[in-house]
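Residue numbers (our numbering): -3 to 313. Even for Gly, the Cβ is constructed at its ideal location relative to N, Cα and C. Bear in mind the structure is a predicted one, so any value in this text is a computation, not a measurement. For reference, the structure is listed below as structure tokens.
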Ligand SMILES: [Zn+2]
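Shown next as structure tokens:
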């Protein structure tokens, strides 16, 4: 778990691009610091402004209190003493990250790393594919000229960025492969490794099994993308997926539990049986999300004993 937390912290620090106060880190991230070694370093933040230590709501200017101490003047709280350790901050050694990313990708080109400005770097060429690391995917999407600057004949461009909260599938067209920093890389053995096998250069989109194909459902119905319930796609059990697949085949038409369960080839009496949260799973996020997904997708006419899934209305497949 420590390596996982360590990588999550690296990604958080990289996407933020500024030091964070040690006091704002979760216990997991604090524990991960020892694993990361010198990749994350103590640093000083701009000490002329601090987040008000009392309300944590306002950035306030810092003054000497005339007795050797410091205080800030918060618009809500008034004068608040600022302890020296309020400013203990940590920063990612981004040069460490870029060098380790080069190693992870097998970039051996002799040319160094190019800083293209505003949080975008050209790490080098991995098997004739230029690789860009960017702090923010939006910046690359909004400035296509960045890609033109690094494009080479006969080689796809790889763009690595932290995953935006609301992104699914691939944001780029042919010729550009996008890799989510959090998912395609991890921290291992003091360095960075690429997770799984890299997609062949010919493959132009990131294969994402959760990509919605049937309404909110993935191609195999094992995932649903429901942003109101979960920021990440919800994964279903095999039984749950069979229920949704059967319900999808009724194209939004209301039908009985018996017909649905027969088509799903399951022994339970009702579709909802598969989505009950077991006592041992109370408080676990996955069963809760599965249960909420069922509630959001399935309409039950209690008295008539009929079930329907409106999102499948008009479905062709
Ligand atoms: Zn305050």
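Could you work out which residue in the options is closest to residue i when comparing CA atoms only?
i           : options               : result
residue 268 : 239, 62 and 280       : 239
residue 174 : 183, 153, 184 and 189 : 153
residue 117 : 61, 108 and 124       : 108
residue 130 : 114, 144 and 288      : 114
residue 230 : 21, 282 and 96        : 282
residue 248 : 277, 111, 19 and 295  : 295
residue 16  : 38, 254 and 190       : 38
residue 151 : 120, 76, 190 and 177  : 120
residue 53  : 59, 148, -2 and 72    : 72
residue 84  : 181, 264, 219 and 19  : 19
residue 333 : 190, 204 and 278      : Within the shown structure, residues of the chain are numbered from -3 to 313, placing residue 333 beyond reach of any answer.
Hey, would you say residue i sits closer than 8 Å to residue j, going by beta carbons?
i           : j           : result
residue 146 : residue 89  : no
residue 206 : residue 221 : yes
residue 156 : residue 128 : yes
residue 315 : residue 69  : Nothing about residue 315 can be reported from this structure: the residues present for the chain run from -3 to 313 only.
residue 227 : residue 262 : no
residue 285 : residue 211 : no
residue 251 : residue 303 : yes
residue 101 : residue 122 : yes
residue 93  : residue 10  : yes
residue 292 : residue 225 : yes
Going by DSSP, name the residue or residues bridged to residue i.
i           : result
residue 121 : 126
residue 67  : 59 and 77
residue 219 : 231
residue 297 : 302
residue 22  : In DSSP, residue 22 forms no bridge with anything.
residue 37  : 87
residue 213 : 210 and 220
If you count every other CB in all the chains shown that lies within 10 Å of the CB of residue i, and 16 or more means buried, which is it?
i           : result
residue 98  : buried
residue 51  : exposed
residue 188 : buried
residue 184 : exposed
residue 280 : exposed
residue 198 : Any reading at residue 198 needs caution, since the residue's pLDDT is 31, under 50, leaving its predicted position unreliable; the model's value is listed next. Residue 198 comes out exposed.
residue 297 : exposed
residue 126 : buried
residue 321 : Residue 321 lies beyond the stretch modelled for the chain, which goes from -3 to 313, so this question has no answer here.
residue 196 : Residue placement at residue 196 is flagged as unreliable, the pLDDT there being 43, under the threshold of 50; a coordinate-derived value is accordingly withheld.
residue 260 : buried
residue 96  : buried
residue 237 : buried
Cβ pair count under 8 Å reaching 3, the stretch 24 to 35 against the stretch 44 to 55: The stretch 24 to 35 is not in contact with the stretch 44 to 55.
The stretch 155 to 172 in contact with the stretch 124 to 135 per 3-pair CB rule at 8 Å: Between the stretch 155 to 172 and the stretch 124 to 135 there are three or more C-beta pairs closer than 8 Å, enough to call the two in contact.
Validate contact between the stretch 267 to 284 and the stretch 212 to 222 using beta carbons, cut 8 Å, 3 pairs: The stretch 267 to 284 is not in contact with the stretch 212 to 222.
Contact the stretch 0 to 15 vs the stretch 84 to 99: 3+ CB pairs below 8 Å: Verdict: yes, contact present.
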